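Novice: The structure that follows is given in the form of structure tokens.
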Amino acid sequence: MSRDKSLVVDGVRQFFGPKNSRVQALSRTDLVIEPGQFVCLAGPSGCGKTTLLRLIAGFINPSEGQITVSGSEIIGPGPDRGVVFQSPTLYPWMDVASNVELGLKFQGVSKDQRRADSERYLQMVGLTDFAHRRTYELSGGMQQRCQIARVLASDPEFILMDEPFGALDALTRERLQNELLDIWRKTGKTILFITHSVDEAVFLGSRVLVMSPRPGKIVFDEPAIFSKPGESIAAEEIRSLPAFLELRERVRSSIQHSH
Ligand SMILES: Nc1ncnc2c1ncn2[C@@H]1O[C@H](COP(=O)(O)OP(=O)(O)OP(=O)(O)O)[C@@H](O)[C@H]1O
Ligand SMILES: [Mg+2]
Numbered sequence: 001m002s003r004d005k006s007l008v009v010d011g012v013r014q015f016f017g018p019k020n021s022r023v024q025a026l027s028r029t030d031l032v033i034e035p036g037q038f039v040c041l042a043g044p045s046g047c048g049k050t051t052l053l054r055l056i057a058g059f060i061n062p063s064e065g066q067i068t069v070s071g072s073e074i075i076g077p078g079p080d081r082g083v084v085f086q087s088p089t090l091y092p093w094m095d096v097a098s099n100v101e102l103g104l105k106f107q108g109v110s111k112d113q114r115r116a117d118s119e120r121y122l123q124m125v126g127l128t129d130f131a132h133r134r135t136y137e138l139s140g141g142m143q144q145r146c147q148i149a150r151v152l153a154s155d156p157e158f159i160l161m162d163e164p165f166g167a168l169d170a171l172t173r174e175r176l177q178n179e180l181l182d183i184w185r186k187t188g189k190t191i192l193f194i195t196h197s198v199d200e201a202v203f204l205g206s207r208v209l210v211m212s213p214r215p216g217k218i219v220f221d222e223p224a225i226f227s228k229p230g231e232s233i234a235a236e237e238i239r240s241l242p243a244f245l246e247l248r249e250r251v252r253s254s255i256q257h258s259h
């Protein structure tokens, strides 16, 4: 099967808390993510976006239904799925480069190769000068960039990103958007990217999903044709296309009307 690498969310519902006061975070959700898709997920705060990402990452198991990759059920985290969290999770006692190299170390990559990889990704996220600082010496945005470098360096098949650029200034955000698009175009990785920015979702995604308020349900699912693998169009050019503006408007109104 050519689609055997798909990630399939099949009849998943998610509840939290004890039986008598449980909260439903996700309505029944069915979703197929094909290899190489760049899926952007937007929706109001508390609608269950992070919950869906945590389920796919394998940090929690679904209350109902199942999630499979290549036909095997996800029962925990794995090296095939790298996660960039909403707030950075770095090891404060290690320097920046060691944090980036950590996943590679677990994979048994040689020291020289690890150094070369970390240098490459630290340069990409603009942290070369901070490679030997401890992470607590970095600002929040810099920690976030370090986290992104770490996930990219470990080269997972699926990159799961939870509002990774939310804490960054506009210029850095735009630069990292372009870098991420570039990486995606070159590597064909499968990306699930959560964002509150409709503009970012439509700009980055090859597919845009919108979730309704809790208990979350996917209410909008359309291809976004602006960023294609193997093809690079200038960011300003994409953002001024009538079709881009039109889709952005429809995504915006779908979020508003889902309330
Ligand atoms: N571990 C948990 N225990 C209890 N309730 C939880 C837990 N995790 C999430 N929830 C609840 O599930 C709902 C969905 O949360 P989730 O974090 O998935 O939302 P979100 O869409 O990511 O929101 P935001 O955009 O603010 O990050 C919320 O009502 C939240 O309180
Ligand atoms: Mg969230």
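In UniProt numbering, the protein residues as written are 1 to 259. For every residue, glycine included, the Cβ atom is placed at its ideal position computed from N, Cα and C. Computed from a predicted model, the values in this text were never measured in an experiment.
Thinking residue 56 and residue 160 are a contact (beta carbons under 8 Å), I'd like their distance in whole angstroms, please.
Specialist: Numbered from 1 along the sequence shown, position 56 holds the residue referred to as residue 56. Numbered from 1 along the sequence shown, position 160 holds the residue referred to as residue 160. Right, the Cβ-Cβ distance comes to about 6 Å (below 8 Å), so this counts as a contact.
Novice: Measuring from the CB of residue 111, is there a heavy atom of ligand 2 at a distance below 7 Å?
Specialist: Taking the sequence shown and counting its residues from 1, one reaches residue 111 at position 111. No, since every heavy atom of ligand 2 falls outside the 7 Å radius drawn around the Cβ of residue 111.
Novice: For residue 34, which of 238, 256, 220, 207 has the nearest alpha-carbon?
Specialist: Sequence index remark: in the sequence shown, residue 34 carries index 34 (1-based). When only C-alpha atoms are compared, the closest one is 207.
Novice: Taking 8 Å as the cut-off, does the segment 18-29 touch the segment 156-175 (at least 3 CB pairs, one atom from each stretch)?
Specialist: no
Novice: Which whole-angstrom value describes the C-beta separation of residue 244 and residue 202, a residue pair presumed to lie in contact below a C-beta threshold of 8 Å?
Specialist: Here the question's residue 244 lines up with position 244 in the sequence shown. Here the question's residue 202 lines up with position 202 in the sequence shown. The Cβ separation is near 6 Å, so the contact holds.
Novice: So for residue 3, helix, strand or coil by DSSP?
Specialist: The residue labelled residue 3 in the question sits at position 3 within the sequence shown. Because residue 3 carries a pLDDT of 48, less than 50, the predicted location of this residue cannot be relied on, and the following value inherits that uncertainty. Residue 3: coil per DSSP, three-state reduction.
Novice: When DSSP builds the beta bridges, which residues end up paired with residue 42?
Specialist: Reading the sequence shown from its first residue, position 42 is the one you call residue 42. In the DSSP output, where bridge partners are listed per residue, residue 42 has 210.
Novice: Is residue 57 near ligand 1 - that is, is its Cβ less than 7 Å away from at least one heavy atom of it?
Specialist: Your numbering for residue 57 matches position 57 in the sequence shown. No.
Novice: Let me know if residue 233 comes out buried or exposed under the rule of 16 or more other beta-carbons within 10 Å of its beta-carbon.
Specialist: Position 233 of the sequence shown, counted from the start, is the residue given in the question as residue 233. Exposed is the call here.
Novice: Tell me whether the beta-carbon of residue 191 lies closer than 8 Å to the beta-carbon of residue 39.
Specialist: Taking the sequence shown and counting its residues from 1, the one referred to as residue 191 is at position 191. Taking the sequence shown and counting its residues from 1, the one referred to as residue 39 is at position 39. Yes; because the gap between Cβ atoms is below 8 Å, this pair is in contact.
Novice: Flag this pair as touching only if the segment 146-153 and the segment 84-97 have three or more C-beta atom pairs under 8 Å; answer yes or no.
Specialist: yes
Novice: Using the three-state DSSP reduction, which class does residue 103 fall into: helix, strand or coil?
Specialist: The sequence position of residue 103 within the sequence shown is 103, counting from 1. Residue state, collapsed to three classes: helix.
Novice: From residue 109 to residue 6, what does the alpha carbon distance come to, in whole angstroms?
Specialist: Your numbering for residue 109 matches position 109 in the sequence shown. Your numbering for residue 6 matches position 6 in the sequence shown. Rounded to the nearest angstrom, the two C-alpha atoms are 27 Å apart.
Novice: Say the cut is 7 Å; is the CB of residue 50 nearer than that to a heavy atom of ligand 2?
Specialist: Taking the first residue of the sequence shown as 1, we reach residue 50 at position 50. True, at least one ligand heavy atom lies under 7 Å from that Cβ.
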